[in-house]
Amino acid sequence: MQADDKLMLEKMYEPVTKPLNSMSQSLEKQKLQNVLQSDRPTSKKKTELDISSNFFTPIHRKWKGILDGSDSDEENSVASYEENSPEIYIEGLYNKPSEYDTVYGVRTEKKHKNKYFIGDAEAKFNSGNIDLWRNNEKIGSFKGSNELYDLLFLKKPKVLDNLTKLSDNTLETYREILKRTHAMNHNYNKDKKIRTSRWPKFSELLDPLFKPTQETAEIGKSEVPTTEDHVFEVESVDNSEFAICEYGATKDLIIDQPFIRNSTIEELKLKLEQKELLEYMHSQYYGVLVMITAADLMLNCPYYIPTIYKRI
Numbered sequence: 006m007q008a009d010d011k012l013m014l015e016k017m018y019e020p021v022t023k024p025l026n027s028m029s030q031s032l033e034k035q036k037l038q039n040v041l042q043s044d045r046p047t048s049k050k051k052t053e054l055d056i057s058s059n060f061f062t063p064i065h066r067k068w069k070g071i072l073d074g075s076d077s078d079e080e081n082s083v084a085s086y087e088e089n090s091p092e093i094y095i096e097g098l099y100n101k102p103s104e105y106d107t108v109y110g111v112r113t114e115k116k117h118k119n120k121y122f123i124g125d126a127e128a129k130f131n132s133g134n135i136d137l138w139r140n141n142e143k144i145g146s147f148k149g150s151n152e153l154y155d156l157l158f159l160k161k162p163k164v165l166d167n168l169t170k171l172s173d174n175t176l177e178t179y180r181e182i183l184k185r186t187h188a189m190n191h192n193y194n195k196d197k198k199i200r201t202s203r204w205p206k207f208s209e210l211l212d213p214l215f216k217p218t219q220e221t222a223e224i225g226k227s228e229v230p231t232t233e234d235h236v237f238e239v240e241s242v243d244n245s246e247f248a249i250c251e252y253g254a255t256k257d258l259i260i261d262q263p264f265i266r267n268s269t270i271e272e273l274k275l276k277l278e279q280k281e282l283l284e285y286m287h288s289q290y291y292g293v294l295v296m297i298t299a300a301d302l303m304l305n306c307p308y309y310i311p312t313i314y315k316r317i
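The opening position of the sequence shown corresponds to residue 6 in this note's numbering, with each subsequent residue numbered one higher.
Given below as structure tokens:
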């Protein structure tokens, strides 16, 4: 076909072909837009997982499973894998640091990569144990558990929901770890005062746990036993009366301490005045021995200021 004939035919069918071509281009354009639209994420669509909604400690998983009535093999496998393991807590320490207690509990330090610390000691998690080291010397080893990790790692431990379910052994282990590492003291210095906090963890757990009446009063209560049958010595120091008051032990056990037994009454007065006795007892022991004023005794000890304490 000659060029002139072809051109003539195109002009003849132009009223038909032009709308068809326009329609075809429009359809192709719409198809392309649909493809692009389907690939583009919406503003409400999450592109990343939210750690706070997907990260659970073993206790969170266990309790959530009970509430949901879930007992699938997959979840049982996960629970078995996580039993008494600190790994999920360590992961959360990096992913969600705001939920973790890095003051009294486990923390990391920039200058020590891949190391973990509690107080002034390094904490190593080995084969289900928590090993504590200071100056290349092992100062303790404790059997780990989900409840113990919950207390050590989290700012708001799940176990706070029901402290009565915590075993005495778990509480005692937790207390001993904090004591040995000086985690409760300012700057982790054993000679400094206990650091206080407005956290529920401190007011509901740590403060009662480290009060000298912990052996005789339940955690979370402020009840103090009477002192009528437990006042052992009342001495005058700088015209102020003091009493060594002990709950649940005998006078002989206290007086038998070498630091006390080898001192005369006058020497004890001087040591009390200079606080040498207090510092000695505080550095060596912990428990329920307290120093109170005579005025406190007259009020049956409803209010007291613990100065030193010793566990018998």
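Virtual Cβ for every residue (Gly too), placed ideally from N, Cα, C.
Sequence-distant residues of its chain with Cβ nearer than 6 Å to Gly110 (five each side left out)
Leu157 and Phe158
Just to confirm, is the Cβ distance from Thr186 to Asp125 under 9 Å?
yes
State buried or exposed for Arg203, treating a residue as buried only when at least 16 other CB atoms are found within 10 Å of its CB.
exposed
Strand pairing of Ala128, partner residues [DSSP]:
Tyr121 and Leu137
Cβ-Cβ distance between Lys143 and Asn134 below 9 Å:
no
Pro91 and Phe122 closer than 9 Å at C-beta:
no
Can you list, in chain order, the residues of its chain with a C-beta nearer than 6 Å to that of Tyr193? Leave out the 5 residues immediately preceding and following it.
Gly124, Asp125 and His187
Within a Cβ cutoff of 6 Å, which residues of the same chain sit near Ser48, ignoring the five residues on either side of it in sequence?
Bear in mind that the predicted position of Ser48 carries a pLDDT of just 42, short of 50, making it too unreliable to give a figure here.
Looking only at DSSP bridge pairs, what is Gly145 linked to?
Leu137
C-alpha gap between Asn167 and Glu152, whole angstroms
12 Å
Alpha helix (DSSP H) runs wholly inside the segment 163-190, at least 4 long, in chain order
173-186
Just curious, the beta strand (DSSP E) that Glu104 is in, first and last residue?
Run containing Glu104: none; DSSP gives neither H nor E here.
Only counting the same chain, and skipping five residues up and downstream in sequence, which positions put a Cβ closer than 7 Å to that of Lys197?
Asn190 and His191
Here's the rule: buried if 16 or more other CB atoms are within 10 angstroms of the residue's CB, otherwise exposed. What is Met115?
One point to set straight first is that residue 115 is Lys, not Met, in the sequence displayed. Flag for Lys115 reads exposed.
Going by beta-carbon coordinates alone, are Tyr179 and Tyr94 separated by less than 9 Å?
no
Range covered by the alpha helix (DSSP H) that runs through Glu114
Not the alpha helix (DSSP H): Glu114 falls in the beta strand (DSSP E), residues Val111 to Glu114.
Ordered along the chain, which non-local residues of its own chain (more than five positions away) have a Cβ less than 6 Å from that of Met13?
none
Measure the C-alpha to C-alpha separation of Ile199 and Ser132 and round it to an integer number of angstroms.
32 Å
Glu177 to Lys184 span [Cα, whole Å]
10 Å
Over the uninterrupted alpha helix (DSSP H) stretch that includes Phe158, give me the two end residues.
Asn151 to Phe158
Taking only the alpha-carbon atoms, compute the straight-line gap between Lys120 and Glu181 and give it to the nearest angstrom.
21 Å
Going by the DSSP bridge assignment, what does Ile199 pair with across the sheet?
Asn190
What is the DSSP secondary structure of Ser241, reduced to helix, strand or coil?
Confidence in Ser241 is poor, its pLDDT being 34 and thus under 50, which makes the residue's placement unreliable; the coordinate value appears in the next sentence. Ser241 falls in the strand class under three-state DSSP.
Comparing alpha-carbon positions, which option in Leu210, Ser146 and Asn174 lies nearest Lys163?
Leu210
Buried or exposed (CB count within 10 angstroms, at least 16 for buried), Lys206:
buried
What separation, rounded to the nearest whole angstrom, lies between the Cα atoms of Glu127 and Thr175?
20 Å
To the nearest angstrom, how far is the alpha carbon of Ser172 from that of Lys118?
34 Å
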